[in-house]
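Heads up, the thing below is written out as structure tokens.
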Amino acid sequence: MKTSLSALLLSSQLVSGAPSLRYGRRQDSSGCCFKLDSAGTVNEDVEEDHTGHLHLSGTFQQGAFCLQDGKVADSLGNQCFIKSPKYQFQCYQRGVVGDTVFDIVSAENGTTKLVYDSGPGTYLACSSDGGESYEIFSTEKPDTTGCLEVSLVLSDETGECTASSPVPAAEDEEEEAGDEQDGEEEEEENGEEDDEDEEQEEGQVDACESDVGTTTEGEGGEEEGEGSIAEENTTSTLPTTCSVSTSAPSLAPVAIGSPAKEGTSSEIMDTGVNASITTNDSTVFKFSIPSNFAGSSQQLCALQFRLPFCSELAEGYPCFQFTGSEQELSSNSGMTFAPYGESNELSSWNETALQQVYPGDQLVLGTFECGFPENNSGSRDISWLASSVRSFGLQFEQAGVGSSKFKDGVGAFIVQCS
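Numbered per mature numbering (1 follows the signal peptide of the UniProt record, and there is no 0), the sequence shown spans residues -17 to -1, 1 to 401.
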């Protein structure tokens, strides 16, 4: 590119100097969003590290979360869940999902707490390093040695967070005991009342079903959504989402460089191993997909951008230079990846989508069909032009291209979707 990797000193520090920071994208102002504090033996802010694990009394940034339809997501949009075998409360990298159902309820002391799977909202704060820092688990954790019970209370919540008010368990037990001691006459009277209640509940259910039916017409509710998905799976030849296996094969670019000037015969100039995506520089990533890369003629592939922490790069691999996560967050900056070249039209690709990458990410930028017709033994060339948006800056050595001795590291790669 026009500027070498070391010539341009970008406006912030190298990210490897602060690997524990995990900056969130801006949260929408709408919806139920909040921060969390622990209450109980340990009273601390809930923090989130760069891997999505939640901590108490650590050295990480306080987490921010949103609740919608029983699902909690962090400020990066990663879904939070608790699952076996560790039963740890974490918000995993994009593409990983869980089935934990969350809700917020009013506690007796007037606070609002986060509960899960219709339980009382008891979590375990378990020492993560033998000291005063804790990670958060559910009560199903097999080994509870050194763990303390806590609840998680909402703070700085938005006005959309409306808590339900469950009946305390003690009251339920008293009512059940009273019912068992009632006489036959009382049971008959209660039975008549129950019949009336059932009739009222049935009416309420009918009304709810009617409301849901109205919603599904306009917004794609559950019943209509299931039908639409079934119909889509029947008629569609390609999946609509991309899940990338850690063992999936990937392709590095065959060349990277600056976009060629008008009137020249080549598409790329100044080829090499160093990419520069800044206010002044754009970079072309050229790929050549062999016919044996796709698993079938209907294979879905993705363009993935990897930005490992500098501390995780191979020995000798130069750390990337980056304007920083704070700049991305405050300026809503990032990159665009647009198909480049006359023969590279991808009908489903959104070339104006803002792509925001953070240290530790393996970000899917978009998907495309990469299969070959049967008996085709050639290759398919595809290129993308990466450009800066709102003063974003990232310079790095692209792994696996040209004379680079590093096969894996920072940069853009084509991967198979599973």
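C-beta: ideal position from N, C-alpha, C; glycine also.
From the DSSP output, in three-state form, read off residue i for me.
i: residue 282; result: coil
i: residue 135; result: strand
i: residue 186; result: Since pLDDT at residue 186 reaches only 42, below the 50 mark, its modelled position is unreliable, and the value read off the structure follows with that caveat. Residue 186: helix per DSSP, three-state reduction.
i: residue 395; result: strand
i: residue 126; result: coil
i: residue 352; result: strand
i: residue 30; result: strand
i: residue 375; result: coil
i: residue 141; result: coil
i: residue 248; result: coil
i: residue 254; result: strand
i: residue 226; result: coil
i: residue 342; result: coil
i: residue 384; result: coil
i: residue 147; result: strand
i: residue 389; result: coil
i: residue 45; result: strand
i: residue 12; result: With a pLDDT of only 43 at residue 12, under the threshold of 50, the placement of this residue in the model should not be trusted, and no figure is reported.
By alpha-carbon positions, which one of the options ends up nearest to residue i?
i: residue 224; options: 239, 380, 281, 350; result: 350
i: residue 97; options: 380, 348, 134; result: 134
i: residue 404; options: 254, 353, 329, 100; result: Here the chain covers residues -17 to 401 and nothing more, so residue 404 does not appear.
i: residue 21; options: 116, 141, 34; result: 116
i: residue 295; options: 125, 389, 89; result: 389
i: residue 17; options: 46, 23, 32; result: 46
i: residue 281; options: 400, 227, 376, 392; result: 400
i: residue 61; options: 37, 68, 283, 42; result: 37
i: residue 53; options: 28, 101, 91; result: 101
i: residue 129; options: 311, 110, 245; result: 110
i: residue 482; options: 373, 324, 329, 251; result: Missing from the structure shown is residue 482; the chain here goes from -17 to 401 and no further.
i: residue 355; options: 284, 99, 366; result: 284
i: residue 139; options: 103, 250, 49, 382; result: 49
i: residue 142; options: 242, 14, 317, 33; result: 14
i: residue 24; options: 263, 39, 35; result: 39
i: residue 287; options: 316, 382, 106; result: 382
i: residue 227; options: 126, 105, 348, 247; result: 348
i: residue 242; options: 367, 93, 310; result: 367
i: residue 364; options: 370, 322, 341, 332; result: 322
i: residue 394; options: 301, 310, 312; result: 301
i: residue 324; options: 251, 59, 42, 99; result: 251
i: residue 67; options: 125, 303, 103, 331; result: 125
i: residue 122; options: 332, 106, 64; result: 106
i: residue 58; options: 91, 41, 19; result: 19
i: residue 137; options: 293, 64, 29; result: 29
i: residue 253; options: 293, 64, 240, 246; result: 240
If you follow the beta strand (DSSP E) that residue i is in, where does it begin and where does it stop?
i: residue 73; result: 71 to 74
i: residue 38; result: 37 to 39
i: residue 18; result: 15 to 23
i: residue 371; result: 362 to 372
i: residue 235; result: First-last for residue 235: undefined, no H or E at that position.
i: residue 273; result: 266 to 273
i: residue 257; result: 257 to 260
So residue i and residue j are supposed to be a Cβ contact under 8 angstroms. How far apart are they, rounded?
i: residue 95; j: residue 146; result: 5 angstroms
i: residue 385; j: residue 238; result: 7 angstroms
i: residue 261; j: residue 376; result: 4 angstroms
i: residue 305; j: residue 397; result: 23 angstroms between Cβ atoms; not a contact.
i: residue 298; j: residue 319; result: About 33 angstroms; that fails the 8 angstroms criterion.
i: residue 387; j: residue 273; result: With a Cβ gap of about 20 angstroms, residue 387 and residue 273 do not count as contacting.
i: residue 72; j: residue 119; result: 4 angstroms
i: residue 74; j: residue 132; result: In fact, because the Cβ distance is near 22 angstroms, the residues do not count as touching under 8 angstroms.
i: residue 258; j: residue 378; result: 7 angstroms
i: residue 430; j: residue 232; result: Within the shown structure, residues of the chain are numbered from -17 to 401, placing residue 430 beyond reach of any answer.
Could you tell me whether the Cβ of residue i comes closer than 8 angstroms to any Cβ of chain B?
i: residue 108; result: Considering every chain present, this structure includes no chain B. It has just one protein chain.
Is residue i near the ligand SAM, with its Cβ less than 7 angstroms from a heavy atom?
i: residue 312; result: Here there are no bound small molecules, and the ligand SAM is not part of this structure.
task: Identify every run of the beta strand (DSSP E) within the region 47 to 121, keeping only runs that are complete inside it and at least 3 residues long; order them along the chain.
output: The qualifying runs are 48 to 51, 54 to 57, 62 to 66, 71 to 74, 85 to 89, 95 to 99, 106 to 110, 117 to 121.
Those runs of the beta strand (DSSP E) which lie wholly inside the region 280 to 340 and span at least 3 residues: Within the region 280 to 340, the complete beta strand (DSSP E) runs of at least 3 residues are 283 to 290, 317 to 322.
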